[in-house]
Amino acid sequence: MRNLFILSFLLLSCFGNSQETLQELLKTHNKERIPYISVQELAMPKTDAILLDARELKEYNVSHLEDAIHVGYDNFDLDTVVKTLPDTTSTIVVYCSVGIRSEDIAEQLKKKGYTNVYNLFGGIFEWKNNNFPVYNSEEKETDHVHAYSKDWSKWLLKGIKIYE
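So in full-length UniProt numbering, spot 163 of the sequence shown is number 163, and the numbers just go up one at a time.
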């Protein structure tokens with residue numbers, strides 16, 4: 001009887017602690033004041049957007065979306081972005097690893113008057129998980145993706161995980 005109880009407890013523990021989904025993760029960490037754009041929508045040929053990479057330079061150098069502009073997160077400089085992108089009506093998509101840091105950067109852009117700013121749902125991880133190409137610092141396609149950390153890397157299902 002005791003073994004049956006232990007087995008039942010273990011099974012319930014496994015099912016009761018299921019991993020959260022990416023949507024639940026983002027809902028937990030984001031205020032959702034910035035609309036999301038899906039990787040599928042961004043990948044459509046008709047989608048013309050300026051891409052801003054809100055990850056750190058070491059992450060960007062390992063992999064980034066084609067033609068993305070690195071703006072960083074820890075040292076993000078809003079004035080530099082404003083000088084580089086003076087048209088506040090341009091379509092801008094900000095991304096990071098999964099979409100948390102990018103929301104913070106997108107909110108700053110919105111407060112500065114940018115009117116067409118989106119957060120890439122699932123970030124570069126979701127982009128790679130959907131088999132879309134990423135590029136290294138030499139602008140060559142790569143399978144390497146900076147995984148940010150061991151904890152966050154669980155959201156990157158495809159590609160070669162790089163940590164430094």
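Don't be surprised by glycine CBs; every beta carbon is placed ideally from N, CA and C.
- Item | alpha helix (DSSP H) runs wholly inside the segment 95 to 131, at least 4 long, in chain order | 101 to 111, 123 to 129
- Item | Given Asp79 as reference, the closest of Ala147, Val134, Lys27, Leu109 once Cα atoms are compared | Leu109
- Enumerated in chain order, which unbroken segments of the beta strand (DSSP E) with a length of 3 residues or greater are wholly contained in the segment 35 to 73? 50 to 53
- Through-space distance from Val134 to Thr88, alpha-carbon basis: 27 Å
- Counterpart residues of Lys161 in DSSP-defined beta bridges: Val145
- Query: Given a threshold of 16 other Cβ atoms within 10 Å of its Cβ, counted over all protein chains shown, does Asp53 qualify as buried or as exposed?
  - Reply: buried
- Query: How would you label Lys128, buried or exposed, when you count the other beta carbons within 10 angstroms and need 16 or more for buried?
  - Reply: buried
- Just the Cα atoms here: how many angstroms apart are His144 and Ile34? 28 Å
- Message: What does the alpha-carbon distance come out to for the pair Leu157 and Phe125?
- Response: 8 Å
- Task: Could you tell me which of Gly99, Asn131, Asn116 sits nearest to Trp152, measuring between CA atoms?
- Result: Gly99
- Relative to the C-alpha of Val117, which residue among Leu85, Thr21, Asn130 is closest? Leu85
- Environment of Ser97 [buried if 16+ CB atoms lie within 10 Å]: buried
- What are the boundary residues of the alpha helix (DSSP H) that includes Glu20? Looking at the DSSP string, Glu20 is not in any alpha helix (DSSP H), and its letter there is neither H nor E.
- Message: For Lys31, report the span of its alpha helix (DSSP H) as first-last.
- Response: It is not in any alpha helix (DSSP H) - Lys31 carries neither H nor E in the DSSP assignment.
- Task: State the CB to CB distance for the pair Ser63 and Thr142, rounded to an integer number of angstroms; the pair is presumed to be in contact (CB under 8 Å).
- Result: 6 Å
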